[in-house]
Structure formats: C-alpha cells, structure tokens
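Visitor: In the numbering used here, the protein residues as written are 1 to 321.
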C-alpha cells in the first residue's frame, strides 16, 4: 500500500508511472520484482546499511542500545545480522548492542510473544501507525531471535504516546516524523521509567519515516486544536475529543493544584490503568495547549516537585466538561 502523499509525489514525476490495483499486480511467475516485499532477502541486505552508518558515525564503537519500530520484523533482524557479520569479519570486537523492538498497541504479535501476552489480542480498527500493523509478520521469528539474542526488550506503545513523541521530536529536534517512526522516542520514555536505561547509556532511536509520508495525521491534530479553541470561546456547541484521560486530569486539577505523581496516584485510585510516563505525556500536552501551567516548585526529599494548576483557559474548559 502507498500513502496519498507518496502517490502525489509519484504522479508529479516527469515520467508517468502506471498505478495498478492489487488485482492487477503481476503474478510471482512474472519477471518483475516487487521491491517492497519484506520477505525479500535483498531488502534485508539493504537495511543492513543502517547499522553500518550508525557504527561509522560512532567511530565503529557499538552503542549500548538501538530502539527500532517493528512491523514486519525485517528491520530489527537486519540490524542484528549486520552486527553479527561485522563482528565475524573483525570490524567490531563484540556484538554487545541490545536491540529494542517497539510495536503499536493496535497490533503487536511480535511483542506479545516476547512478553508472553495472550495471542488472541484484537487489532484496533483505525490504527494511526499503519506501517507497524502486520498481523502475520513475515520476519516474526527472525525478529524475536534478534531481540532475544541481543538481550533486548519488546515494548508496546499507544497511538497517543506516538503522537506525543512526534510532537516532542518536532519541538525539541526539529524533526517531523510519522507516528510509527516516533514510537522509538515514546519507547525510550518507558524504558527510563522501567529502569532499563542508565544515564550514561548511549541509545540510538531509529526514525524510519518522515511525517510528510502521512501529513493527514498532522492536519487532523491541527484541526483538533482549532476546534478546541472555538469550543472554549463558545463559538461552537459540539465538544471536541480531547481524550478521557486528559479530561480526568483537568477535573482533578479543578479540585486544586497537584504534582504529576499525585495526579497519577489519584487516577490509579480511581481504577485507571496508566503508567506514570503516560501521565507525564498527557500533562505535557495539556501544558502545550495552554490548559495547565507550572505554578510552583517544592523540595521533597532532596528532589524538586513541580505543582500544576489550571490556566484561565483550562478553567473554562473544565467548567464545560
């Protein structure tokens, strides 16, 4: 499948390119080759160059960890294969880099198997990171082998966590990534929370695709922000979707100022299953939208704790909800 933005780029090329529906694709007996086949060994060999470039940029020293989006499983397998081959020919002394695979909560068969989760988990109807959605990944067994042999881990991130990570990446680094690519940034946050990473660790996040591949996602986010502004000003009566968790955080802060950990504790007490890192991401987004703000800091056991309160804009929205 080719996204709308890619189709537009192809059509704008100087030489016309025929577009065929699936029913008219050449059969396997044809002399033509489908270059994007994840089972194609040539694709794996091409992906190996990512590992070569990473090591070259690091002076041929292996990083501690590489975080990779996982759909078909081909990319994470390619990196493992590249490291093993470089070790075999003596360019690197040892393959000590752990590989971390990230999958979407909409569809995560590889992560499910590594984590021991129930295999019958259903797939979401409208996943935002379509590049990660493979119910029957072609390189499933190879990907699992690569992650396990590298002593790595598998993580699952939600659509909202990917969108938040994409916003952070754009804001802090000026990189416009598609949600599937930003999944690696969301994963690192979870790894820090789980204590998997040391501050001295060198971690590489592979950003696999530009946000221009799927600009519709960014446009929808912009439209949602505009709709929220209009709703708060009373220009429209239809309430925009801001997410149940964000609504709950606004209602909690309406009761009084609170710190992030306190918000997480209250959500947990009310039966909400959510990680502290996810709460921090929700708070960051609400702060970005001008609905909450840092109002004071307090020192607790030698650590600074930030207190959040509703802004005037946030109070107006909380009163309406």
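C-beta: ideal position from N, C-alpha, C; glycine also.
1. Is it buried or exposed, residue 88, if we count other Cβ atoms within 10 angstroms and call 16 or more buried?
2. What separation, rounded to the nearest whole angstrom, lies between the Cα atoms of residue 86 and residue 202?
3. State buried or exposed for residue 60, treating a residue as buried only when at least 16 other CB atoms are found within 10 Å of its CB.
4. Quick one: any contact between the region 178-187 and the region 143-152, if contact means 3 or more CB pairs under 8 Å?
5. Which value, in whole angstroms, describes the spacing of the CA atoms of residue 213 and residue 196?
6. Between the Cα of residue 314 and the Cα atoms of 298, 246, 261 and 103, which residue gives the shortest distance?
7. Rank 62, 256 and 79 by C-alpha distance to the C-alpha of residue 311 and give the top, closest one.
8. Can you tell me which of 308, 301, 94 and 184 puts its alpha carbon nearest to the alpha carbon of residue 290?
9. Can you grab the Cα-Cα spacing for the pair residue 43 / residue 70, in whole Å?
10. Count the C-beta pairs between the region 52-67 and the region 127-142 that are closer than 8 Å, then say yes if the count reaches three, no if not.
11. Does residue 242 come out as helix, strand or coil in the three-state DSSP assignment?
12. From residue 172 to residue 294, what distance separates their C-alpha atoms?
13. Which residue from 73, 114 and 94 puts its Cα closest to that of residue 140?
14. Round the Cβ separation of residue 144 and residue 193 to the nearest angstrom and send it over; I've been treating them as touching at under 8 Å.
15. Between which two residues does the alpha helix (DSSP H) holding residue 101 run?
16. Give, in chain order, every unbroken run of the beta strand (DSSP E) that is at least 3 residues long and sits entirely within the region 263-306.
Guide: Reading from the atomic positions:
1. Position 88 of the chain shown holds residue 88. Exposed, by the Cβ-count rule.
2. Counting from one through the chain shown, the residue named residue 86 turns up at place 86. Counting from one through the chain shown, the residue named residue 202 turns up at place 202. Between the alpha carbons of residue 86 and residue 202 lies a gap of roughly 19 Å.
3. Counting from one through the chain shown, the residue named residue 60 turns up at place 60. Burial is judged here by how many other beta carbons sit within 10 angstroms of a residue's own beta carbon; residue 60 has fewer than 16 and is exposed.
4. no
5. Against the chain shown, residue 213 aligns to sequence position 213. Against the chain shown, residue 196 aligns to sequence position 196. Distance between the alpha carbons of residue 213 and residue 196 is about 32 Å.
6. Along the chain shown, one-based indexing puts residue 314 at 314. The residue with the shortest Cα to Cα distance from residue 314 is 246.
7. Residue 311 sits at position 311 when you count from the first residue of the chain shown. Measuring from the Cα of residue 311, the nearest candidate turns out to be 256.
8. Working through the chain shown from its first residue, we reach residue 290 at position 290. The shortest Cα separation from residue 290 among 308, 301, 94 and 184 belongs to 308.
9. Start at 1 with the first residue of the chain shown, and residue 43 comes out as number 43. Start at 1 with the first residue of the chain shown, and residue 70 comes out as number 70. If I take the Cα positions, the gap works out to 15 Å.
10. no
11. Here residue 242 refers to the residue found at position 242 of the chain shown. Residue state, collapsed to three classes: coil.
12. Stepping through the chain shown from its first residue, residue 172 is reached at position 172. Stepping through the chain shown from its first residue, residue 294 is reached at position 294. So the alpha carbons of these two residues sit roughly 19 Å apart.
13. Start at 1 with the first residue of the chain shown, and residue 140 comes out as number 140. Residue 140 has its Cα closest to that of 73, out of 73, 114 and 94.
14. For the purposes of this step, residue 144 is taken as residue 144 along the chain shown, with counting starting at 1. For the purposes of this step, residue 193 is taken as residue 193 along the chain shown, with counting starting at 1. The Cβ separation is near 24 Å, so there is no contact.
15. Counting from one through the chain shown, the residue named residue 101 turns up at place 101. Not the alpha helix (DSSP H): residue 101 falls in the beta strand (DSSP E), residues 98-104.
16. 292-300
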